Each structure stands twice: as structure tokens, then as C-alpha cells.
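Down below is the structure, laid out as C-alpha cells.
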Amino acid sequence: MVDLSPIGRIRTPIEETSDAPRQGQNASIEGTIELDPAYEPGLAGVEAGDQLLVVWFAHEADRTLLELDRVEGRGVFSSRSPARPNPIGLTTVEVVAIDGADVQVRGVDMLDGSPVLDLKVPLD
Numbered sequence: 001m002v003d004l005s006p007i008g009r010i011r012t013p014i015e016e017t018s019d020a021p022r023q024g025q026n027a028s029i030e031g032t033i034e035l036d037p038a039y040e041p042g043l044a045g046v047e048a049g050d051q052l053l054v055v056w057f058a059h060e061a062d063r064t065l066l067e068l069d070r071v072e073g074r075g076v077f078s079s080r081s082p083a084r085p086n087p088i089g090l091t092t093v094e095v096v097a098i099d100g101a102d103v104q105v106r107g108v109d110m111l112d113g114s115p116v117l118d119l120k121v122p123l124d
């Protein structure tokens, strides 16, 4: 069994899926990861200018879609579409600033209020 609980939420200006950029790292949109204060110690060593991989849940995604209408012959597992059975998103962001448990980041592509499941440093 899988048991995941959000460590926080991300606040972004993106209200609708249609407003989200196709790839966050190609965008300059800023947002704030609001961690549960219990997870603030986990930010030790993270500084402005660092990159983080945000693991998040696309809470408003269509979980029934298996084939992409806009790309003939392609299924969701051959895409980065958030519409999939388990809509887990991965976005690399740049840390702009940290204030307690709030992490201001640049390069977001998530809807406002999306649950954040984890933060990791990206692979080299």
C-alpha cells in the first residue's frame, strides 16, 4: 500500500490548467511553497539560487484519461501530461528566497494550491 501525505502546498498565480506553461523550467512564473512548519528543518542547506525538484500532486487532473486526444497514437505514459491515473508532477524550480517554512521559487507550472509531496535536489 502507498501512503503519501503532503508536506505543504504551492501558491501560484495559475488558476486554470489551460494557463499552466507546458514546462515549468521554461517559465519565469514565481510561486511560494508553503511547507508545514514541522518540515522547516528539512530546508537546512537549501539556499537562494539552488535548484529543487518539486514532487507534487496534480489534484485537479483527469485521472481517467489514458490516451491523448491532441497527439494521435500517444498514451499518457509517453507524455508529461498531468492527466494520468496517478497524477504526480515533477518540476525543477529555482529557489528565489526562503522565509521560515515558505520557499519562494521560479519556474512553476502547477495550479495554485497543489499539494507538495516532497522536495529533492535534482540529479546532476
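First residue of the sequence shown: 1, per full-length UniProt numbering; consecutive thereafter.
Beta carbons: idealized from backbone N, C-alpha and C, even for Gly.
Nothing here was measured: the structure is a model prediction, and the numbers come from that model.
CA nearest to the CA of residue i, picked from the options
{"i": "Leu35", "options": "Val46, Asp109, Arg9", "result": "Arg9"}
{"i": "Val108", "options": "Ile7, Glu60, Thr12, Pro6", "result": "Thr12"}
{"i": "Ala61", "options": "Pro85, Val46, Arg106, Val105", "result": "Pro85"}
{"i": "Tyr39", "options": "Val103, Pro82, Val2", "result": "Val103"}
{"i": "Leu4", "options": "Leu90, Gly89, Asp118", "result": "Asp118"}
{"i": "Ala48", "options": "Asp124, Asp99, Leu123", "result": "Asp99"}
Bridge-paired residues (DSSP) for residue i
{"i": "Thr92", "result": "Leu53"}
{"i": "Ile33", "result": "Ile10, Val103"}
{"i": "Val116", "result": "Gly8, Trp56"}
{"i": "Ala97", "result": "Gln104"}
{"i": "Met67", "result": "It should be pointed out that residue 67 corresponds to Glu in this sequence rather than to Met. Beta-bridge pairing links Glu67 to Gly75."}
For residue j and residue i, believed in contact at Cβ under 8 Å, the rounded distance
{"i": "Ala97", "j": "Pro37", "result": "The pair is not a contact, with the Cβ atoms about 17 Å apart (cut-off 8 Å)."}
{"i": "Val116", "j": "Leu52", "result": "Val116 to Leu52, Cβ: 10 Å. No contact."}
{"i": "Pro21", "j": "Ile29", "result": "7 Å"}
{"i": "Ile14", "j": "Met110", "result": "7 Å"}
{"i": "Ile88", "j": "Val55", "result": "7 Å"}
Beta-carbon proximity list for residue i, same chain, < 8 Å, skipping 5 on both sides
{"i": "Gly113", "result": "Arg9, Ile10, Arg11, His59"}
{"i": "Arg74", "result": "Glu67, Leu68"}
{"i": "Glu16", "result": "Leu111"}
Residues near residue i in its chain [Cβ-Cβ closer than 7 Å; skip 5 each side]
{"i": "Arg106", "result": "Ser28, Glu30, Val93, Glu94, Val96"}
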